[in-house]
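For the sequence shown, the positions run 12 to 380 when the working numbering is used.
Where a beta carbon is used, it is the ideal one built from N, C-alpha and C, also for glycine.
Small disclaimer: the values here were computed from a predicted structure and weren't measured.
The block underneath contains the structure these notes are about, expressed in structure tokens.
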Amino acid sequence: MNILSGLQFPGASVSPAQNTTPVIKSVIMSKPAASSSATPAASTHVNISGRALLLSRIFKVSDPDKEPRVEYDTQKTFANSGVPVYNYLTTQDRNQLSQIYEYATNKGYDLKVVDELAFQWAYYRSSPNSESSLHYNASKGVAEGAFDPVTGQLIVAEFNPEDEAIAQRLLTSKAFNHNNSIIPGNVLNALLDPGRGGKHSAENLSFIQEIVYAFSPSGDATDPNAAVPLRPRDIAEMKLAQLRSEGWDGSTTPLNFIDRKEALERGENLDGGWFGKYQNRLDSHLTSFFTAGDKSILGEAYKMASDKGVDLKRIDKLAAELGALRIQQQLAGELIRATTNSDADTDKRGEVDMAHMAILGEMHRMSGL
12 MNILSGLQFP GASVSPAQNT TPVIKSVIMS KPAASSSATP AASTHVNISG
62 RALLLSRIFK VSDPDKEPRV EYDTQKTFAN SGVPVYNYLT TQDRNQLSQI
112 YEYATNKGYD LKVVDELAFQ WAYYRSSPNS ESSLHYNASK GVAEGAFDPV
162 TGQLIVAEFN PEDEAIAQRL LTSKAFNHNN SIIPGNVLNA LLDPGRGGKH
212 SAENLSFIQE IVYAFSPSGD ATDPNAAVPL RPRDIAEMKL AQLRSEGWDG
262 STTPLNFIDR KEALERGENL DGGWFGKYQN RLDSHLTSFF TAGDKSILGE
312 AYKMASDKGV DLKRIDKLAA ELGALRIQQQ LAGELIRATT NSDADTDKRG
362 EVDMAHMAIL GEMHRMSGL
């Protein structure tokens, strides 16, 4: 699956000059592999058991009797109780990580790559509802699958192309097995999800691939019955498709559309939002001349009339009169600019103000009902 970086707003009403902001904002959660990290570095080392490495590097102890007990209460995270994240590693997790430390040592790897894996593994174990709640944008602290508060774009965490290829190979391999993989299937699935696994170093996923294959009796064989689960971008595309089915046409950002829709559902008047509920009562050509202020005041009038049980035709009449004045105002302004090259206002402004006053007067009358 290639990373798509140029997905554009699909709305036909947007001019080419405006149609330049990608709907989906991709946050790459892995670094490109450097040439020096392609193979383990040869090194001279003292033969230390994998268990001893686990104790010293993760738990900072040398005496096995001082190894922290397994913590199962996921409400006692480091943030709220000071429990180190590594304490959530189960007994089986610790045994498997010990094997991985020993393997990495024998292969000459920098053991930091195992330290990173151990942290991500432990973080998964420590997180409440970790199967569904670990999506995040590590660079901004914004929920992956949510929207960027500045640009309104849908945030999607993705791997770089090389790591995405590794993830898909592993997800469709026979070694990807919840029962006998050196990394438990649920943990491995999270590590291979760019939104849940967090940022990976350049060599991390390639190392994960190596150890999964090395400890599997199936090696790197592909499972012909395996199907790649939905990736974050697939889910984002489904979310956008849902928004389109709800009326989003691409002329605004997805976030703006959702905010406006939710505001309308709450009954708020957002830039004439109430007017949007009633504008189909009027000629669309007429409403195209209304300003945001016109729509706001008319929206409030329609809302009040509806709440009070007043015939909406009363507001229709006032809206038609206001629309006619707006059309006259524009035509008069164009005539003045064409004949005098001036932006001088016309005497229609006073009439528009009077039309607004008429609507406010009707609202005042209705408020007494």
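Roughly how many angstroms separate the alpha carbons of residue i and residue j, rounded to a whole number?
i: Met374; j: Lys328; result: 14 angstroms
i: Leu254; j: Pro265; result: 8 angstroms
i: Met315; j: Ala133; result: 57 angstroms
i: Arg207; j: Pro195; result: 15 angstroms
i: Ala201; j: Thr162; result: 28 angstroms
i: Ser227; j: Ser37; result: 33 angstroms
i: Glu362; j: Ile246; result: 53 angstroms
i: Val72; j: Asn236; result: 45 angstroms
i: Ala335; j: Leu371; result: 18 angstroms
Of the choices the options, whose alpha-carbon is the least far from that of residue i?
i: Pro240; options: Trp285, Ala312 and Leu181; result: Leu181
i: Leu199; options: Asp104, Thr233, Ala168 and Glu273; result: Asp104
i: Ile269; options: Lys77, Leu297 and Leu165; result: Leu165
i: Asp174; options: Ser37, Leu216 and Leu202; result: Leu216
i: Ser109; options: Gly119, Ile69 and Val81; result: Ile69
i: Gln220; options: Ala335, Ile35 and Ile177; result: Ile177
i: Asn191; options: Asn267, Ala369 and Gln107; result: Gln107
i: Glu214; options: Val167, Ile370, Ala115 and Ile246; result: Ala115
i: Asp234; options: Lys272, Ala225 and Gln179; result: Gln179
i: Pro33; options: Gln339, Lys319 and Val167; result: Val167
i: Gln319; options: Asp76, Glu78 and Gly379; result: The question names Gln, but residue 319 in the sequence shown is Lys. Checking every option, the nearest Cα to that of Lys319 belongs to Gly379.
i: Gly119; options: Lys272, Ala343 and Ile59; result: Ile59
i: Lys250; options: Gln339, Asn117, Phe158 and Ser67; result: Phe158
Excluding the 5 residues flanking residue i on each side, which residues of the same chain have their C-beta closer than 7 angstroms to its C-beta?
i: Tyr112; result: Gly61, Leu64, Leu65, Leu122 and Val125
i: Ser137; result: Thr85, Thr88, Val96 and Tyr99
i: Thr102; result: Val81
i: Ala369; result: Leu329
i: Asp356; result: Any answer about Asp356 is weak, because its pLDDT of 49 lies below 50 and its placement is not dependable; what the coordinates show is given next. Closer than 7 angstroms at Cβ, skipping near neighbours: no residue.
Could you check whether residue j and residue i sit closer than 9 angstroms to each other, using their CB atoms as the reference points?
i: Ser256; j: Ser184; result: no
i: His367; j: Leu333; result: yes
i: Leu128; j: Phe187; result: no
i: Leu275; j: Trp285; result: yes
i: Ser317; j: Leu309; result: no
i: Asp305; j: Arg337; result: yes
i: Asn171; j: Ser41; result: yes
i: Pro5; j: Glu248; result: This structure cannot speak to residue 5, because the chain is shown only from 12 to 380.
i: Ile35; j: Arg244; result: yes
i: Phe301; j: Gln341; result: no
Output needed for residue i: all residues of its chain with C-beta closer than 6 angstroms, excluding positions within five of it in sequence on either side, in chain order.
i: Gly258; result: none
i: Val321; result: Met377
i: Gln290; result: Thr298
i: Ala330; result: Leu293 and Leu309
i: Ile326; result: Ala312, Tyr313 and Ala316
i: Asp74; result: none
Got a sec: does the ligand FMN put a non-hydrogen atom nearer than 8 angstroms to the Cβ of residue i?
i: Leu293; result: Within the structure as shown, the ligand FMN is missing, as the structure has no ligands at all.
Can you give me the Cβ contacts of residue i inside the same chain, cut-off strictly under 8 angstroms, excluding the 5 residues immediately before and after it?
i: Val223; result: Leu181, Ser184, Ala186, Phe187, Ser192, Ile193, Ile194 and Leu199
For the stretch 204-281, list the alpha helix (DSSP H) runs that are entirely contained and at least 4 residues long, ordered along the chain.
Entirely contained in the stretch 204-281, the alpha helix (DSSP H) runs reaching 4 residues are, in chain order, 205-208, 215-225, 243-256 and 265-276.
Quick check on the DSSP output: what are the complete alpha helix (DSSP H) runs of length 4 or more inside the stretch 81-141, in order along the chain?
Counting only runs of 4 or more, we get 89-92, 102-117 and 123-137.
Any alpha helix (DSSP H) of 4 or more consecutive residues that is wholly inside the stretch 164-208:
Within the stretch 164-208, the complete alpha helix (DSSP H) runs of at least 4 residues are 172-182, 196-202 and 205-208.
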